[in-house]
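*Asks:*
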Amino acid sequence: MNLLCLTRFPERVLAPVYVTVPTTTATATSREYSPLDIFRSNKAQNFAIEGRNLKFSFTTRQTQDAPVLRDCSIRIPCGQFWMLLGPNGCGKSTLLKILAGLLTPTSGTVYVNEPKSFVFQNPDHQVVMPTVDADVAFGLGKINFTNDEVRSRVSRALHAVGLSDYMKRSVQTLSGGQKQRVAIAGALAEACKVLLLDELTTFLDETDQVGVIKAVRNSVDTSTEVTALWVTHRLEELHYADGAIYMEDGKVVMHGDAASIRSFIESRQSAYINQINS
Numbered sequence: 001m002n003l004l005c006l007t008r009f010p011e012r013v014l015a016p017v018y019v020t021v022p023t024t025t026a027t028a029t030s031r032e033y034s035p036l037d038i039f040r041s042n043k044a045q046n047f048a049i050e051g052r053n054l055k056f057s058f059t060t061r062q063t064q065d066a067p068v069l070r071d072c073s074i075r076i077p078c079g080q081f082w083m084l085l086g087p088n089g090c091g092k093s094t095l096l097k098i099l100a101g102l103l104t105p106t107s108g109t110v111y112v113n114e115p116k117s118f119v120f121q122n123p124d125h126q127v128v129m130p131t132v133d134a135d136v137a138f139g140l141g142k143i144n145f146t147n148d149e150v151r152s153r154v155s156r157a158l159h160a161v162g163l164s165d166y167m168k169r170s171v172q173t174l175s176g177g178q179k180q181r182v183a184i185a186g187a188l189a190e191a192c193k194v195l196l197l198d199e200l201t202t203f204l205d206e207t208d209q210v211g212v213i214k215a216v217r218n219s220v221d222t223s224t225e226v227t228a229l230w231v232t233h234r235l236e237e238l239h240y241a242d243g244a245i246y247m248e249d250g251k252v253v254m255h256g257d258a259a260s261i262r263s264f265i266e267s268r269q270s271a272y273i274n275q276i277n278s
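Take the sequence shown: its position 227, counting from 1, is numbered 227 in the UniProt record's numbering, and each next residue is one higher.
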């Protein structure tokens with residue numbers, strides 16, 4: 001099976017693959033990345049996601065380091081829905097993958113509540129079972145639950161994403177947005193505390209866009225423990241967010257409430273347009 005099909009279950013997959021970044025089912029993990037060592041800490045904090053002074057670069061064919069992230073620091077409070085915005089190529093998806101443990105930064109500290117789940121832009125990388133209920137229950141097979149508990153968790157998760165009536169539906173009959181919601185439900189069924197979501201609405205029609213983002217908003221609102229970080233380039237989606245982060249050229253430029261971030265981006269866009277037209 002494709003590795004990407006299993007990445008919403010990090011404690012089973014990422015640990016043996018990314019041996020320098022072990023994950024567990026502990027309450028939280030804290031990792032210091034440096035050329036010398038990695039340390040872990042379970043110190044209680046008021047933030048579900050925290051990255052400090054994160055840097056990331058890759059080596060080009062000319063063996064030169066090409067920086068992608070430049071000393072990025074973010075904090076996302078527990079139980080909130082935040083968004084990460086910025087121009088194409090600014091590093092936002094790279095930052096999200098570092099938080100998920102899919103990439104190892106050059107240096108910096110990462111703290112993310114566990115368990116966490118990464119939901120990809122293409123739901124076909126994650127929705128792998130023939131029916132909706134089977135897919136949502138897929139990750140529960142590694143936990144010693146009774147059949148009644150599995151059914152209860154699946155039912156609650158599908159209700160949270162607005163798919164209660166789709167339990168026995170074939171996944172092949174679902175739209176892209178409905179598959180995204182099934183992937184989110186799979187994470188919720190496992191009681192994931194952090195949802196990391198990478199541009200889920202990019203290729204969806206308007207109806208599916210609204211359905212997916214409302215599903216995430218409702219998942220956060222109906223739980224005291226779920227925190228979500230959503231990568232997007234759509235300003236209108238900020239309406240659903242508690243807070244936001246704006247990036248440019250591998251750096252965090254602004255970090256705060258959603259309304260202020262939207263106003264800042266719009267003023268920046270206006271200044272750019274005026275400069276072109278002058």
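Ideal Cβ placement from N, Cα and C applies to all residues, glycine included.
1. Tell me whether LYS92 is buried or exposed, calling it buried when 16 or more other Cβ atoms sit within 10 Å of its Cβ.
2. Does the beta-carbon distance from GLY160 to SER219 come in below 7 Å?
3. With contact counted as at least three CB pairs below 8 Å, one residue from each stretch, are the region 114-127 and the region 174-184 in contact?
4. Are at least three pairs of beta-carbons, each pair with one atom in the region 227-241 and one in the region 140-155, less than 8 Å apart?
5. Rounded to whole angstroms, what's the CA-CA distance from THR201 to ASP208? Just pull it up for me.
6. Which first and last residues belong to the beta strand (DSSP E) in which LYS251 is found?
7. How would you write the range of the alpha helix (DSSP H) that ASP198 sits in, first residue to last?
8. Which residues in the same chain have their Cβ closer than 8 Å to the Cβ of THR94, if we skip the five residues on either side of it in sequence?
9. Flag this pair as yes or no: are the beta carbons of VAL112 and VAL194 separated by less than 7 Å?
10. Taking only runs that begin and end inside the region 187-232, name each unbroken alpha helix (DSSP H) of 4 or more residues, in chain order.
11. Going by beta carbon distance, what residues of the same chain come within less than 8 Å of CYS72, once the five residues before and after it are set aside?
12. Hey, THR227 and CYS78 are a contact pair by Cβ (cut 8 Å); roughly how many whole angstroms apart?
13. How far does the beta strand (DSSP E) with ARG234 in it reach, from first residue to last?
14. CB-CB under 8 Å to PRO105, same chain, minus the five flanking residues each way: which ones, in chain order?
15. Give the secondary structure of SER30 by DSSP, where H, G and I count as helix, E and B as strand, and everything else as coil.
16. How many whole angstroms separate the CB atoms of LEU239 and ILE74, which I take to be in contact at a CB cut-off of 8 Å?
17. Buried or exposed for LYS116, going by 16 or more other Cβ atoms inside 10 Å?
18. Starting from GLU149, trace the alpha helix (DSSP H) in both directions and tell me its first and last residue.
19. On a Cα-Cα basis, can you pick out the residue from LEU163, ALA157, ASP135 that is closest to GLY211?
20. Write down every uninterrupted run of the beta strand (DSSP E) in the region 57-105 whose length is 3 residues or greater and which is fully enclosed by it, in chain order.
21. Work out the CA separation of GLU114 and ARG268 for me, nearest whole Å.
22. In the structure shown, what three-state DSSP assignment does LYS179 receive?
23. Distance cutoff 7 Å, beta carbons only. Does GLU206 sit that close to anything in chain C?
24. Tell me, to the nearest whole angstrom, how far the beta carbon of ASP242 is from that of GLN64; I am working on the premise that it is less than 8 Å.
25. Only counting the same chain, and skipping five residues up and downstream in sequence, which positions put a Cβ closer than 8 Å to that of residue 364?
26. Given that a residue counts as buried once 16 or more other Cβ atoms are within 10 Å of its Cβ, and exposed if not, what is TYR166?
*Replies:* Taking the geometry as given:
1. Counting Cβ neighbours within 10 Å, LYS92 comes out buried, since at least 16 surround it.
2. Going by the sequence as given, residue 160 is Ala instead of Gly. Yes. Within cutoff.
3. yes
4. no
5. 8 Å
6. 251-257
7. Counting along the chain, ASP198 falls outside any alpha helix (DSSP H), though it belongs to the beta strand (DSSP E) covering 194-198.
8. PHE56, VAL68, LEU69, LEU103
9. Contact flag set, yes.
10. Complete alpha helix (DSSP H) runs here, min 4: 206-221.
11. GLY51, ASN53, LEU54, LYS55, GLY91, LEU95, GLY108, MET247, GLY250, LYS251, VAL252
12. 6 Å
13. Segment: none, ARG234 is in no beta strand (DSSP E) and carries neither H nor E.
14. TYR33, LEU54, LYS55, PHE56, LEU69, ILE98
15. Its pLDDT being 44, under 50, SER30 is placed unreliably by the model, and nothing is read from it.
16. The residue asked about is misnamed: residue 239 is His in this sequence, not Leu. In fact, because the Cβ distance is near 21 Å, the residues do not count as touching under 8 Å.
17. buried
18. 147-160 is the span of the alpha helix (DSSP H), which, as asked, contains GLU149.
19. LEU163
20. 65-77, 81-85
21. 36 Å
22. helix
23. The question asks about chain C, but that chain is absent: this structure has only one protein chain.
24. Contact doesn't hold; Cβ gap of about 40 Å is too wide.
25. Residue 364 cannot be examined here, being either before or after the span of the chain that is shown, 1 to 278.
26. TYR166 should be labelled buried.
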